[in-house]
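Residue numbers (UniProt numbering): 1 to 104.
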């Protein structure tokens, strides 16, 4: 079980003073627990996680979204998407400096 994809806020979104991080996870079961952390501390607000959607390859995909302050993103705050299935946990980290330079 691994967060398969992690997407930073789009440049257009940042220009409108909003920022949303997206974490996609695929696993073999329909249930996974997604938690978000900021600088290592669990977050409880601004999180929206979808129910699992079965894919053609019989895996299940879960999408989780985290709304953050653009100021936190711009100060290079590190965010973590943690996905737990049973006793297996995996996580991915994202921050502004680790992302490719935004296209103008």
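Ideal placement from N, C-alpha and C gives every residue a C-beta, glycine not left out.
The structure displayed is predicted, hence computed values, not measured ones.
Would residue i be called buried (16 or more neighbouring beta carbons within 10 Å of its own) or exposed?
i: residue 98; result: exposed
i: residue 19; result: buried
i: residue 7; result: exposed
i: residue 32; result: buried
i: residue 104; result: No answer about residue 104 holds up, because its pLDDT of 32 lies below 50 and its placement is not dependable.
Beta-carbon separation of residue i and residue j under 8 Å?
i: residue 109; j: residue 78; result: With the chain covering 1 to 104 only, the question about residue 109 has no answer from this structure.
i: residue 75; j: residue 93; result: no
i: residue 9; j: residue 24; result: no
i: residue 46; j: residue 62; result: no
I believe residue i touches residue j by the beta-carbon criterion, under 8 Å. Please report the beta-carbon distance rounded to the nearest angstrom.
i: residue 141; j: residue 64; result: It is not possible to answer for residue 141, since the shown part of the chain is limited to 1 through 104.
i: residue 37; j: residue 96; result: About 16 Å; that fails the 8 Å criterion.
i: residue 29; j: residue 60; result: 6 Å
i: residue 14; j: residue 89; result: That belief does not hold up - the Cβ atoms of residue 14 and residue 89 are roughly 30 Å apart, past 8 Å.
Could you tell me the boundaries of the alpha helix (DSSP H) in which residue i lies?
i: residue 14; result: 11 to 15
Tell me the residue span of the beta strand (DSSP E) that contains residue i.
i: residue 92; result: 88 to 94
Counting only runs of 3+ residues fully inside the segment 54 to 79, write out the beta strand (DSSP E) ranges in chain order. 60 to 68
Could you tell me which uninterrupted beta strand (DSSP E) segments, each at least 3 residues in length, are contained entirely in the segment 20 to 52, listed from first to last along the chain? Counting only runs of 3 or more residues that sit fully inside the segment 20 to 52, the beta strand (DSSP E) segments are 33 to 38 and 47 to 49, in chain order.
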